[in-house]
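>
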Amino acid sequence: MDAQYNPRTVEEVFRDYKGRRNGLARALTTDVEEFFRQCDPEKENLCLYGFPNEHWEVNLPAEEVPPELPEPALGINFARDGMQEKDWLSMVAVHSDAWLLSVAFYFGARFGFDKSDRKRLFGMINELPTIFDVVSGKSKTKAPTNNNHSNSKSKSNNKMPRAKQPKPQLKEEDHEDEAPDAGEDGGGAAGGGGGGEEHGDTLCGACGDNYGQDEFWIGCDMCEKWFHGKCVKITPAKAEHIKQYKCPSCMGANGGGSGSNKRARPSS
Numbered sequence: 109m110d111a112q113y114n115p116r117t118v119e120e121v122f123r124d125y126k127g128r129r130n131g132l133a134r135a136l137t138t139d140v141e142e143f144f145r146q147c148d149p150e151k152e153n154l155c156l157y158g159f160p161n162e163h164w165e166v167n168l169p170a171e172e173v174p175p176e177l178p179e180p181a182l183g184i185n186f187a188r189d190g191m192q193e194k195d196w197l198s199m200v201a202v203h204s205d206a207w208l209l210s211v212a213f214y215f216g217a218r219f220g221f222d223k224s225d226r227k228r229l230f231g232m233i234n235e236l237p238t239i240f241d242v243v244s245g246k247s248k249t250k251a252p253t254n255n256n257h258s259n260s261k262s263k264s265n266n267k268m269p270r271a272k273q274p275k276p277q278l279k280e281e282d283h284e285d286e287a288p289d290a291g292e293d294g295g296g297a298a299g300g301g302g303g304g305e306e307h308g309d310t311l312c313g314a315c316g317d318n319y320g321q322d323e324f325w326i327g328c329d330m331c332e333k334w335f336h337g338k339c340v341k342i343t344p345a346k347a348e349h350i351k352q353y354k355c356p357s358c359m360g361a362n363g364g365g366s367g368s369n370k371r372a373r374p375s376s
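The sequence shown begins at 109 in the working numbering and counts up one residue at a time.
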């Protein structure tokens, strides 16, 4: 951990929290095989660390007492082979959520946040799904839909509204087939009346960030959550060959499979 890094404002502490959270969520979802390998029960007490730059690390606890920052749960590796993998990952996720809050409010106490600052910080944090929500699939994030929709597809154009409101989009060939209906359901490039508000709260099921313009976005056909392609290591080219996409959580719960529907948002 960087001894020079000390966030001092509510916004800086929140960015620190979000960066560490994204790193931990990646360890427990997209990088889960590598994380599992590093948590060897034969090693000493290990901790899972998340860093502001969205990286993660499995390492021994700090030697100094007390440490510079609150320490994550100690000895997560010992239970690795004594529990079902899904239960073990959920347990690590819960302890990681607790650690993230302790670090954020450590900074708040250190730099004298008052009651209103602490309330605002927790409110910002509480807007994101917890790591446990992401790992267990209990996140409340839902894929956006239009008034006219099916269970597997949502209509929209390739261009995002200028207001940066997230909206799901189909592959190029799907748009060509459905273009005549665009005027009927109001799904235009500008969001169609209140469409921007309808889709404004959509978050990536892995990192919790909003959809940004020109980013590739893919939807899980099982749980219907949406993900940045980079968070689940799916490129637009790779998505073209997937008949049915399952996110890391659904793959762990249900195994592989194939189907006829594929939802993906092009990168431009």
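C-beta: ideal position from N, C-alpha, C; glycine also.
Everything numeric in this text was worked out from a predicted model, so none of it was measured.
To the nearest angstrom, how far is the alpha carbon of residue 354 from that of residue 225?
Working through the sequence shown from its first residue, we reach residue 354 at position 246. Working through the sequence shown from its first residue, we reach residue 225 at position 117. Distance between the alpha carbons of residue 354 and residue 225: 40 Å.
> For the beta strand (DSSP E) that residue 158 lies in, which residues bound it at each end?
Counting from 1 along the sequence shown, the entry for residue 158 is found at position 50. Residues 155-158.
> What separation, rounded to the nearest whole angstrom, lies between the Cα atoms of residue 135 and residue 357?
Within the sequence shown, residue 135 is the residue found at index 27, counting from 1. Within the sequence shown, residue 357 is the residue found at index 249, counting from 1. Roughly 13 Å between the two C-alpha positions.
> Around the C-beta of residue 148, are 16 or more other C-beta atoms found within 10 angstroms, so that it is buried, or is it exposed?
Position 40 of the sequence shown holds residue 148. Result: exposed.
> Spatial neighbours of residue 162 within its chain, please: C-beta separation below 6 Å, excluding the five flanking residues on both sides.
Reading the sequence shown from its first residue, position 54 is the one you call residue 162. Result list for residue 162: 127, 130, 131, in chain order.
> I need the boundaries of the alpha helix (DSSP H) containing residue 234, first residue and last residue.
The sequence position of residue 234 within the sequence shown is 126, counting from 1. Segment 223-234, the alpha helix (DSSP H) holding residue 234.
> How big is the Cα-Cα spacing for residue 312 and residue 180?
Here the question's residue 312 lines up with position 204 in the sequence shown. Here the question's residue 180 lines up with position 72 in the sequence shown. Approximately 25 Å between the Cα atoms of the pair.
> Can you grab the Cα-Cα spacing for the pair residue 184 / residue 175, in whole Å?
Sequence index remark: in the sequence shown, residue 184 carries index 76 (1-based). Sequence index remark: in the sequence shown, residue 175 carries index 67 (1-based). When rounded, the distance between both Cα atoms is 19 Å.
> When you compare the CB positions of residue 245 and residue 331, do they come within less than 9 Å of one another, or not?
On the sequence shown, residue 245 is found 137 positions in, with the first residue counted as 1. On the sequence shown, residue 331 is found 223 positions in, with the first residue counted as 1. Going by C-beta atoms, residue 245 is nearer than 9 Å to residue 331.
> In angstroms, rounded to a whole number, what distance separates the CA positions of residue 229 and residue 360?
For the purposes of this step, residue 229 is taken as the residue at position 121 of the sequence shown. For the purposes of this step, residue 360 is taken as the residue at position 252 of the sequence shown. When rounded, the distance between both Cα atoms is 33 Å.
> Across which residues does DSSP place residue 336 in a beta bridge pair?
As a working note, residue 336 is residue 228 in the sequence shown. Its beta-bridge partners are 325.
> As an exercise, report each continuous alpha helix (DSSP H) stretch of at least 4 residues that is fully enclosed by the segment 174-229, in chain order.
The segment 174-229 contains these whole alpha helix (DSSP H) runs: 193-218.
> Looking at the structure shown, is residue 136 part of a helix, part of a strand, or coil, going by DSSP?
Working through the sequence shown from its first residue, we reach residue 136 at position 28. Three-state DSSP puts residue 136 in a helix.
> Measuring only the C-alpha atoms, how far is residue 178 from residue 207?
For the purposes of this step, residue 178 is taken as the residue at position 70 of the sequence shown. For the purposes of this step, residue 207 is taken as the residue at position 99 of the sequence shown. Computed Cα separation, rounded: 7 Å.
> I'd like to check one pair, residue 211 with residue 124: are the Cβ atoms closer than 9 Å?
To locate residue 124, count along the sequence shown from 1; it is residue 16. To locate residue 211, count along the sequence shown from 1; it is residue 103. Yes.
> What does the Cβ neighbour count give for residue 238, buried or exposed, with the cut at 16 atoms within 10 Å?
On the sequence shown, position 130 is the one that residue 238 refers to. Per the 10 Å Cβ criterion, buried.
> For residue 165, write down the residues that DSSP places opposite it in a beta bridge.
Against the sequence shown, residue 165 aligns to sequence position 57. In DSSP, residue 165 forms a bridge with 157.
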